[in-house]
Amino acid sequence: MPPSFFRALERETYAHEPFSANPVLVSSEVNLERVLINYSSLVMWIVPILRIVRDRAAEEGYDHLVKELTRNIAEELGSESEGVAHREIFADCLKEHFGIEVICKTSPRLSHYDPATESFINSLLALVREGSFADALGVIYALEVTATPELRVLGRLINQLAIEKGGTPPLTDEHLLGADTKGEFAHNTTTIQGFLVNHVSTWEAGHRDLLEVAINDSHALCSEAPREAIASGYRNVLGQMTLWWRAMATL
Ligand SMILES: [Fe+2]
Ligand SMILES: [Fe+2]
168 MPPSFFRALE RETYAHEPFS ANPVLVSSEV NLERVLINYS SLVMWIVPIL RIVRDRAAEE
228 GYDHLVKELT RNIAEELGSE SEGVAHREIF ADCLKEHFGI EVICKTSPRL SHYDPATESF
288 INSLLALVRE GSFADALGVI YALEVTATPE LRVLGRLINQ LAIEKGGTPP LTDEHLLGAD
348 TKGEFAHNTT TIQGFLVNHV STWEAGHRDL LEVAINDSHA LCSEAPREAI ASGYRNVLGQ
408 MTLWWRAMAT L
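Take a look at the structure:
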């Protein structure tokens, strides 16, 4: 697979709706608490989604992908964050900072979210279960590529909600840019600052880059047909995600 394949896909991210124009950032009447609860679905469901693709990779004998997805899942479950799963860190931070309960933090239920989120997650699950294997790879590649810009949107929403509640925004620009890698929070992974800094500076780039490497090392996936399917799964998710963010701006 030429490296330009992934770079070209990545360039499509938000090409039709740039990150700075994310609807929840430009709308003045966003229900911030509901958006945060709905966003938590992505944090809660990433492990089940990755597990489905990892298990399919195992069935199809793609050892490089099994190894990387197992590593990614372990990271989501706390291998680099004091043994605490990212979904638990995020749920605890929402509770601590805003008193928001993400009640399904260990066993997510889709009924917890607004209909736009329920159908978005259901669609992701259907794509990774029922699409071709290459399609499913495109789906998770899209989730890893968009994770960093979306975490920055999340960080801004958290700051906005803190201000709305009369408090101090907990995140600085350095946290949102992942630039504060030597700061006190870089090693304090279970705080909201550590959650943002480590995801943006290291974890998500690792998920994206090492997934690319594992796909490239799987020679059967490097011909024209699987490449087209990866691109199609990727574009499908980007399109749905754009619509989902629009829905979030109107909750
Ligand atoms: Fe994570
Ligand atoms: Fe990730």
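If you're matching positions, the sequence shown starts at 168 in our numbering and goes up one per residue. Don't be surprised by glycine CBs; every beta carbon is placed ideally from N, CA and C.
Near ligand 2: residue i beta-carbon under 8 Å from a heavy atom
{"i": "L310", "result": "yes"}
{"i": "H264", "result": "no"}
{"i": "A224", "result": "no"}
{"i": "W212", "result": "no"}
{"i": "A387", "result": "no"}
{"i": "A314", "result": "yes"}
{"i": "N365", "result": "no"}
Start-to-end residues for the alpha helix (DSSP H) that takes in residue i
{"i": "I267", "result": "Premise fails: I267 is in no alpha helix (DSSP H) and is neither H nor E."}
{"i": "L192", "result": "P190 to V193"}
Where residue i falls: helix, strand or coil (DSSP)
{"i": "D222", "result": "helix"}
{"i": "Y401", "result": "helix"}
{"i": "N289", "result": "helix"}
{"i": "E311", "result": "helix"}
{"i": "S299", "result": "coil"}
{"i": "S390", "result": "coil"}
{"i": "W396", "result": "As written in the sequence, residue 396 is Ala, which differs from the Trp given in the question. A396 falls in the helix class under three-state DSSP."}
{"i": "L418", "result": "coil"}
Residues of its chain near residue i, where Cβ-Cβ distance is below 7 Å and the 5 sequence neighbours each way are ignored
{"i": "A398", "result": "L176 and G305"}
{"i": "T237", "result": "R221"}
{"i": "E268", "result": "K262"}
{"i": "L363", "result": "L318, G322, L338, H342 and L343"}
Cβ neighbours of residue i in the same chain (closer than 6 Å, five flanking residues each side left out)
{"i": "H231", "result": "A381, D384 and S385"}
{"i": "T284", "result": "N205 and S208"}
{"i": "E371", "result": "A314 and T315"}
{"i": "H366", "result": "L318"}
Ligand 1 heavy atom lying under 8 Å from the CB of residue i
{"i": "I359", "result": "no"}
{"i": "I216", "result": "no"}
{"i": "V118", "result": "With the chain covering only 168 through 418, there is no way to say anything about residue 118."}
{"i": "E243", "result": "yes"}
{"i": "W370", "result": "yes"}
{"i": "H342", "result": "no"}
Close-in-space but distant-in-sequence residues of the same chain around residue i (CB under 8 Å, 5 per side omitted)
{"i": "E331", "result": "L199"}
{"i": "L377", "result": "E235, R238 and N239"}
{"i": "E243", "result": "I213, V214, L217, A252, H253 and R254"}
Residue i: CB within 8 Å of a non-hydrogen atom of ligand 3
{"i": "A416", "result": "As presented, the structure is devoid of ligand 3, carrying ligand 1 and ligand 2 as its sole ligands."}
- Query: Can you list, in chain order, the stretches of the alpha helix (DSSP H) that have 4 or more residues and sit fully within the segment 195-261?
  - Reply: 199-227 and 230-243
- Message: Suppose only complete runs of 4+ residues qualify. What are the alpha helix (DSSP H) ranges in the segment 320-385, listed by chain order?
- Response: Correct list: 340-344, 359-365 and 371-383.
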